[in-house]
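**Student:**
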Amino acid sequence: MGEYFQKRRDLLNILKSLHSTGIQNELDLPQIVVIGSQSVGKSSLIESMSGVLTCAHSNAIYLHTRCPMECRLQYGKVWSCKISLRFHVDRTGQPLTQIRNIPFGPALYNAEDVEKMLRRAQRAILRPDLDPSIFGDDSDLHVFGVPLTFSRNCVCIQVTGPNVPDLYFYDLPGIIANVGDGGNVADIKLVEDLAKSYIKKPNCIVLLVISCETDFENQGAGRLVLKDPALRQRTIGVLTKVDRIEFGGASKWLRMLRGEDQPLMHGWYCVKQRDMGQLQEGITWEEAKSYEMEFFQTTAPWADLNRVEQQRLGSQKLADRLGTILSNLVSKELPGIRKKVNAELDKVSERLKALAPPQIADPRRVVITLLRDFTKKLSKHIEGLPPVINPSDPTDTTSTGLLYNLNEAYDRFREKVHETAPQFRPWSSTANVDSQTEKRMLDSARQDDDAVGLGTTNSLHVDEVMDLAKRSRTRELPGNYPFAVKEKLILESAIQWSALAHDCFAEVKDITVKHIIRLISHHFKGYDHGGLQEAVSKITSEQILKCAAATVQKIDGLVQGECDPYTQNEEYFFAYKARILTRYKVIHQELQGKADLVTALQAYNSSNSSSTGNSNQWSYLNNAISNLANFGITIKAEDFVMLLPQHDLTPALDIMAEVRAYFQVAYKRFGDNVPKVIDADFIRAIDRIDDGLDVALMSMDLSTEKCLEYLQEPRTVILERTKLAGKKQRLEAAQSQLEQYYRG
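Numbering-wise (UniProt numbering), the sequence shown opens with residue 1 and increments by one.
Listed below in structure tokens is the structure:
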């Protein structure tokens, strides 16, 4: 029997040693967790098992647990108690990189001294910002500040004594349903979440404390545990305050004890703590245990239970059962824990090796190489990176990257400029033109330009243009009209181009800046902590602003140049004017009652002239076209519309055709020149050889000291390495304890 208890003691000792390393944060270590609603007698239960008096006399205030208490009970020849503090989270609840185990006060040899020291230790846990040593003499009570209401950090109690069972468990704060005046409602959830974080682990044995003084249904801890079938498989229930059961009310508690109601894998136990009279008498712990045994042996209905059921009565029976269950679980899980510790240690060591601080012999060379590589990459993007060359470039957001997006912006710009085309209507504003006829005429005009009938300028009818021309005449000879008329009509379109050009540049600039930011973030992603990425971003931004200012000036120059009509592109100008004038005259003649003739000329087919009416008439037309061809003059049948009799609106049609022809020349020129200027003075200028980004980056502070600063590791890497180092330390401590245990 002695060998069995020694083995059990050794198993609980290794468990205690593993918990002291803090390894329970990484591994699921076997443990017993005591939970119950507030004021159900948890503290008295722990006192009855350990001899730690948390209420030494009748006037004592019960110690309300506000943090987990780790209780290590062990047989020893002399009774003693040692208290320590374990900090594994900071004030905000965030995990510490290194667990702190701090002894608190001297060893205690009188059980009555424990309550006072536990209160002080708990105050130290609730004020983690203060030095724990000031709590030993209550000097903390004079320190200004607000303590935490609850904490995840632990007060650790190690009790040894001749009548102390070998046991190891955590006592958690009681589950609360409400808070008093001035209390924090959030504490209700905090305490429940703390309990859940412990009991969710598969190797956690739950000691559920239920008071017989209150209906089971009103105790939150019971609902928390018993609603989960998996938790029932690893829960031991204990009924307290059995001496306060109302007359006739014992049957429901007996059904639980027998497993008939709320059955648990490990069953239910009953304990009886000291009553008020015994507290007033000041009976000892040993006397209290004797009174408890006498109560169950002499008091109904407990004394009437069968022998098997009586094995579940008393704190000593409960402690023995808990010790057996826990030691069996440790014996079962220890080999697996050993493997997990070794595996985790290997994994952490490999990760730490990968995160080893870089050894940099020449920091200046490293930084300059990084900068040069970046400008080379930027140059490639500015020149263009088709997907066949670089299909996996993470900074490309489309199939061909930067230039693809820029070309789309330029296309949108040209479309918007095209939409500013003069909207001339070669019919009178008073003409009775229905919508269908107007659509057909516009469709005819669009054969030479899609912008006809669209756009952002107001439409002008031929009579309105004629009226403008007549009102503009001063001393011109008959049939002549001022150039200012055409100039005014041209400028109505050109005046819109400044905003369009600047909008285009703003879009191009935005696309370019975002693309370069992605390049910088990707290229310098490991160098943001030392300021290198920030420094490159700042200089790049300055270079972009400089190039942008120069580009805006160039665009303003282009816009200013378009304010004065001018072109040397005579061939295109005259050819387009002739085409559009013919269209205008055709449409106008149709509305003058010559629709049949105009239609016939437009539909004329020399190979099938008989189908269009008077064959002699079309024979003459064929001869005319043929004879003109002999003189090298190529003409189509519809061109003969121009020979129809003139009318008083002919000058207006000519003005309209000339203005429209000039717009076509100017819009194509402007639509090319603006993207060309942006490309030359902004896009390419960012990386220009003589004063581009490469030169600007080389003007940075590239001293050895500054480069070392630039190459500092990211904070995330440093933090991860620190956390891993702490974890490795805990794993190594656990490994050492395990190897020592297995060596015997």
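Cβ coordinates follow ideal geometry from the N, Cα and C atoms, glycine included.
Shortest alpha-carbon distance to M121 belongs to which of V348, F87, Q219 and W253?
**Tutor:** The amino acid at residue 121 is misidentified as Met; the sequence shows Ala. Ranking V348, F87, Q219 and W253 by Cα distance to A121 puts F87 first.
**Student:** Out of P132, G259, L254 and Q735, which has the shortest C-alpha to C-alpha gap to L305?
**Tutor:** Nearest option by C-alpha distance: L254.
**Student:** Bridge partners for P103 per DSSP, in chain order?
**Tutor:** Answer is S84, bridged to P103.
**Student:** What residues match up with S37 in a beta bridge as DSSP calls it?
**Tutor:** I175, per the DSSP bridge assignment.
**Student:** If we ignore side chains and look at the alpha-carbon of each, how far apart do L697 and D691 end up?
**Tutor:** Taking the straight line from one Cα to the other gives about 10 Å.
**Student:** Please list, in chain order, all residues of the same chain as S379 whose beta carbon is under 7 Å from its beta carbon, the five residues on each side excluded.
**Tutor:** Excluding residues within five positions, the ones whose Cβ falls inside 7 Å are D687.
**Student:** For the alpha helix (DSSP H) holding F574, just list the boundary residues, first then last.
**Tutor:** Element bounds for F574: E570 to Q589.
**Student:** Restricting to Cα atoms, I'd like to know which of G174, E112, T235 and V348 is closest to L208.
**Tutor:** Taking only the C-alpha atoms, the option nearest L208 is T235.
**Student:** Would you tell me roughly how many angstroms separate the C-alpha atoms of I14 and N178, rounded to the nearest one?
**Tutor:** C-alpha separation (whole angstroms): 39 Å.
**Student:** From the DSSP output, in three-state form, read off Y62 for me.
**Tutor:** For Y62, the predicted model reports a pLDDT of 43, less than 50, meaning its position is unreliable and no value from the coordinates is stated.
**Student:** Counting only the same chain and skipping the five closest in sequence on each side, list residues whose C-beta sits under 7 Å from that of V89.
**Tutor:** Excluding positions up to five away in sequence, the list reads P95, L96, R152 and N153.
**Student:** With 16 as the cutoff for other CB atoms within 10 Å, does N110 come out buried or exposed?
**Tutor:** Result: exposed.
**Student:** Counting only the same chain and skipping the five closest in sequence on each side, list residues whose C-beta sits under 6 Å from that of F413.
**Tutor:** Counting only Cβ-Cβ distances below 6 Å, and skipping sequence neighbours, we find C504.
**Student:** Closer than 6 Å by C-beta to T722: which residues in its own chain qualify, once you throw out the five before and the five after it? Chain order, please.
**Tutor:** The residues are T97.
**Student:** Candidates E26, Q740, E3 and L702: which alpha carbon is nearest V366's?
**Tutor:** The shortest C-alpha separation from V366 is found at L702.
**Student:** Beta carbon of L407, beta carbon of I511: below 7 Å?
**Tutor:** First, the amino acid is wrong: residue 407 is Asn here, not Leu. Going by C-beta atoms, N407 is not nearer than 7 Å to I511.
**Student:** Anyone know if the C-beta pair for residue 821 and I325 falls short of 7 Å?
**Tutor:** Because the chain is modelled from 1 through 744, residue 821 falls outside the range shown and cannot be assessed.
**Student:** When we look at the beta-carbon of P165 and count the other beta-carbons within 10 Å, is it buried (16 or more) or exposed?
**Tutor:** Buried: at least 16 other Cβ atoms inside 10 Å.
**Student:** Do the CB positions of L231 and V238 come within less than 7 Å of each other?
**Tutor:** No, the pair does not count as a contact, with Cβ atoms beyond the cut-off.
**Student:** Quick one: Cα of A56 to Cα of I188, how far?
**Tutor:** Bear in mind that a pLDDT of 44 at A56, under 50, signals an unreliable position, so the model cannot answer this.
**Student:** Got a sec, what are the start and stop residues for the beta strand (DSSP E) M69 sits in?
**Tutor:** Note, M69: beta strand (DSSP E), M69 to Y75.
**Student:** Can you tell me the Cβ-Cβ gap for A421 and S498, rounded? I've got them flagged as a contact below 8 Å.
**Tutor:** Incorrect: roughly 17 Å between the Cβ atoms, too far for contact.
**Student:** In chain order, what are the residue ranges of uninterrupted alpha helix (DSSP H) at least 4 long that sit wholly in the stretch 130-209?
**Tutor:** DSSP runs (the alpha helix (DSSP H)) wholly in the stretch 130-209: 186-199.
**Student:** Please report the distance separating the alpha-carbon of V388 from that of G401.
**Tutor:** Caution applies to V388, whose pLDDT of 48 falls short of 50 and renders its modelled position unreliable; the value that the coordinates give is listed next. Near 12 Å, if we compare the C-alpha coordinates of G401 and V388.
**Student:** Measuring alpha carbon to alpha carbon, tell me which of G136, L130, A361 and Y75 ends up nearest F104.
**Tutor:** Nearest C-alpha to F104: G136.
**Student:** With 16 other CB atoms within 10 Å as the buried threshold, where does V308 fall?
**Tutor:** Flag for V308 reads exposed.
**Student:** Span of the alpha helix (DSSP H) holding H522?
**Tutor:** Start and end: W497 to H523.
**Student:** Express the C-alpha separation of M69 and V143 in angstroms, rounding to a whole number.
**Tutor:** So the alpha carbons of these two residues sit roughly 25 Å apart.
**Student:** State the Cα-Cα distance for the pair residue 747 and N25, rounded to the nearest angstrom.
**Tutor:** Not covered by the structure: residue 747. The range shown for the chain is 1 to 744.
**Student:** Measure the C-alpha to C-alpha separation of D215 and K272 and round it to an integer number of angstroms.
**Tutor:** Cα to Cα, the separation comes out at about 18 Å.
**Student:** Looking at the strands, I want to know which residues DSSP matches up with Q31.
**Tutor:** Bridge partners of Q31: C204.
**Student:** In this structure, does DSSP put W79 in helix, strand or coil?
**Tutor:** Correct three-state label for W79: coil.
**Student:** I need the straight-line Cα distance from S428 to K439, nearest angstrom please.
**Tutor:** Straight-line Cα distance between these residues: approximately 15 Å.
**Student:** Any contact of the stretch 183-203 with the stretch 154-162, i.e. 3+ C-beta pairs under 8 Å?
**Tutor:** The stretch 183-203, when compared against the stretch 154-162, does not touch it at the 8 Å Cβ threshold.
**Student:** Am I right that L352 and L719 are in contact with their C-beta atoms under 8 Å? What's the rounded C-beta distance?
**Tutor:** L352 to L719, Cβ: 13 Å. No contact.
**Student:** If you follow the alpha helix (DSSP H) that G336 is in, where does it begin and where does it stop?
**Tutor:** Segment S315 to A354, the alpha helix (DSSP H) holding G336.
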